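Structure record follows, encoded as structure tokens.
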Amino acid sequence: MMRKVSILGATGSIGQNTIDLISRDPKAYDVVALTGGQNIAQLAKDAIDLNADVAVIADENLLPELRAALGDSSVEAAAGNQAICEAATRPADWVMSAIVGAAGLAPGLKALEQGAVLALANKESLVTAGPLILGTAKAHNARILPVDSEHSAVFQGLAGEDFDTVERIIITASGGAFRDWSLEDMAVATPAQASSHPNWNMGQRITIDSASMFNKALEVIETKEFFGCPHEMIEVLVHPESMVHALVGYNDGALMAHVGPADMRHAIGYALHWPLRRKLPVERLDLAKIGQLHFRDPDLVRYPALRLAHEVMQAGGLSGAVFNAAKERAMDGFIEGRIGFLEMAEVVEEVMARLDRRHINAEMTLDTVSKTDHLARQTADAVMAERH
Ligand code: NAD
Ligand code: MG
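Heads up: the sequence shown begins at 1 in my numbering, then just goes up one per residue.
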């Protein structure tokens with residue numbers, strides 16, 4: 001039996017790694033939908049190679065180009081956010097959610113509503129609307145499998161165990177591009193410097209988020225939402241080698257660590273084959289050759305995003321939507337040269353302070369999440385304009 005699969009965000013780093021895995025075993029998969037943001041050439045090539053039913057590009061202006069690139073193939077072309085959501089409703093057994101940012105939320109919900117297994121790389125959907133996405137999964141008997149490497153590692157570390165015996169969950173952080181930089185140097189860091197990661201090859205936005213540890217902040221919230229544990233249970237450990245991805249601490253003092261190469265095909269493959277474990281084309285680590293692994297506590301002064309994550313978890317409600325949207329907008333500001341690297345956290349903190357409890361405590365629906373997201377982006381723009 002062929003499994004029907006769709007990939008949202010197929011042209012990105014996670015999407016391409018997913019395609020790498022499924023194209024190694026073409027007889028096993030029937031590709032339904034592939035979506036992309038702007039990269040027509042990649043999207044059309046993959047859709048033709050994998051014989052997808054439909055290829056969707058987010059930018060509506062690019063529809064004629066997409067049609068042209070698909071030529072006389074049998075792949076249907078579509079464009080726009082609505083079309084991405086429509087593609088996510090097409091019956092599939094397994095859907096990869098790998099759009100970057102809050103834009104991944106609505107199509108992910110559509111995939112859950114049709115009962116598909118949702119392989120969730122898009123951490124922003126759990127951060128902005130955790131209860132909504134988990135509630136939708138429950139209501140439609142759909143399963144969410146984590147694809148973020150740390151969360152896949154925790155998920156594997158919990159397999160067969162009783163969650164009540166878990167004392168702590170430790171996720172590791174490489175420290176990103178500026179791990180050994182002084183605060184003075186970080187203050188004047190350029191987008192190009194923030195966009196290169198020492199260990200992982202990822203999309204630009206998550207790479208910048210790794211340098212500021214906003215990525216780890218999102219992941220701490222993602223951990224709380226996905227595993228349903230109190231925020232006090234979650235720890236972040238800086239581990240420059242990125243080989244231990246997470247550890248689960250049990251009440252007998254045991255730590256179950258997940259160790260593997262810094263290759264996202266591991267976590268993607270685990271979600272693709274779950275509940276089975278299948279052979280994957282990733283490096284086998286030679287620990288004797290590696291010799292040493294290092295661990296240290298994160299510096300909260302250099303990484304205020306981690307402190308803000310705990311504020312978000314304590315505030316609850318729609319504060320995750322505010323945090324994520326303000327962060328996305330502040331990053332736009334940094335990439336466009338409007339604010340400095342360290343100002344991203346200051347802008348986010350200011351937006352969180354300005355949006356009072358009235359916004360945070362509204363009932364969580366896709367509509368209130370979108371409105372809050374919009375308001376937080378506007379507020380972030382205002383804060384950035386006042387500063388410069
Ligand atoms: P990427 O930038 O490489 O790719 C993002 C994909 O989303 C592309 O296909 C892009 O065209 C599409 N896209 C961007 N904006 C869009 C929009 N507004 N509407 C529709 N589509 C849009 O990003 P990535 O590194 O592959 O990350 C994807 C997701 O996976 C993110 O949520 C990220 O945090 C998460 N993640 C990535 C990695 C990694 O190793 N790259 C690891 C863990 C988690
Ligand atoms: Mg991660």
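Yeah, the Cβ is synthetic: ideal placement off N, Cα and C, and Gly gets one too. Just so we're clear, the structure is a prediction, and the values are computed from it rather than from any experiment.
Neighbour-count burial assignment, residue i, 16 or more Cβ in a 10 Å radius
{"i": "Met2", "result": "exposed"}
{"i": "Ser149", "result": "buried"}
{"i": "Ile133", "result": "buried"}
{"i": "Gly71", "result": "exposed"}
{"i": "Gln398", "result": "Residue 398 lies beyond the range of the chain shown here (1 to 388); nothing can be said about it."}
{"i": "Lys216", "result": "buried"}
{"i": "Asp252", "result": "exposed"}
{"i": "Phe295", "result": "exposed"}
{"i": "Thr207", "result": "buried"}
Bridge-paired residues (DSSP) for residue i
{"i": "Ala78", "result": "Val56"}
{"i": "Ala139", "result": "Answer is none; Ala139 lacks a bridge partner."}
{"i": "Ser73", "result": "Beta-bridge pairing links Ser73 to no other residue."}
{"i": "Ser6", "result": "Val95"}
{"i": "Pro64", "result": "Answer by DSSP bridge pairing: none, since Pro64 is not bridged."}
Among the options, nearest to residue i - alpha-carbon criterion
{"i": "Asn361", "options": "Met384, Thr372, Gly317 and Val351", "result": "Gly317"}
{"i": "Thr18", "options": "Ile57, Ala77, Ile40 and Trp94", "result": "Trp94"}
{"i": "Gly36", "options": "Pro275, Lys45, Gly12 and Ile169", "result": "Gly12"}
{"i": "Glu96", "options": "Gln16, Ala315, Thr172 and Ile221", "result": "This sequence places Met at residue 96; Glu is not what is there. Ranking Gln16, Ala315, Thr172 and Ile221 by Cα distance to Met96 puts Gln16 first."}
{"i": "Ala69", "options": "Thr89, Lys45, Arg90 and Ala376", "result": "Lys45"}
{"i": "Val32", "options": "Gln42, Asn39, Ile40 and Ala10", "result": "Ala10"}
{"i": "Val312", "options": "Arg90, Thr190 and Lys224", "result": "Lys224"}
{"i": "Leu105", "options": "Thr89, Ala92 and Lys123", "result": "Lys123"}
{"i": "Leu375", "options": "Glu219, Pro281 and Val351", "result": "Val351"}
{"i": "Ala137", "options": "Val154, Ala92, Leu109 and Ala129", "result": "Leu109"}
{"i": "Arg302", "options": "Phe178, Leu272, Arg265 and Pro198", "result": "Phe178"}
{"i": "Leu389", "options": "Ala315, Tyr270, Asp299 and Leu120", "result": "The requested residue 389 is not part of the displayed model; the chain covers only 1 to 388."}
{"i": "Asp59", "options": "Asn81, Ser74, Ala41 and Leu43", "result": "Asn81"}
Secondary structure of residue i, DSSP reduced to three states
{"i": "Ile339", "result": "coil"}
{"i": "Ala173", "result": "strand"}
{"i": "Lys279", "result": "coil"}
{"i": "Tyr270", "result": "helix"}
{"i": "Arg90", "result": "coil"}
{"i": "Met359", "result": "The identity of residue 359 in the sequence shown is His, whereas the question assumes Met. Here His359 sits in helix by DSSP."}
{"i": "His151", "result": "helix"}
{"i": "His197", "result": "coil"}
{"i": "Ile99", "result": "coil"}
{"i": "Glu241", "result": "coil"}
{"i": "Val322", "result": "helix"}
{"i": "Thr165", "result": "helix"}
{"i": "Met364", "result": "coil"}
{"i": "Thr372", "result": "helix"}
{"i": "Thr128", "result": "helix"}
{"i": "Met313", "result": "helix"}
{"i": "Ile30", "result": "Residue identity check: residue 30 is Asp in the sequence provided, not Ile. In this structure, Asp30 counts as strand in the three-state DSSP scheme."}
{"i": "Leu145", "result": "strand"}
{"i": "Thr207", "result": "helix"}
(message) Any contact between the segment 247-266 and the segment 151-171? By contact I mean 3 or more CB pairs, one from each, below 8 angstroms.
(response) yes
(message) For the segment 4-19 against the segment 99-119, do three or more pairs of beta-carbon atoms, one drawn from each stretch, fall closer than 8 angstroms, so that the two count as touching?
(response) yes
(request) Decide yes or no for the touch test of the segment 44-56 against the segment 9-24: beta carbon pairs closer than 8 angstroms, at least 3 of them. (result) yes
(message) Closer than 8 angstroms is the cut-off here; do at least three beta carbon pairs connect the segment 338-349 with the segment 301-308?
(response) yes
(request) Answer yes if the segment 322-331 comes into contact with the segment 359-373, meaning at least three C-beta pairs across the two stretches below 8 angstroms, and no otherwise. (result) yes
(message) Using 8 angstroms as the cut-off, can you tell me whether the segment 329-341 makes contact with the segment 277-290, which would need three or more C-beta pairs spanning the two stretches below that distance?
(response) no
(message) Between the segment 190-199 and the segment 207-220, can you find at least three pairs of beta-carbon atoms closer than 8 angstroms?
(response) yes
(message) For the segment 228-244 against the segment 137-148, do three or more pairs of beta-carbon atoms, one drawn from each stretch, fall closer than 8 angstroms, so that the two count as touching?
(response) no
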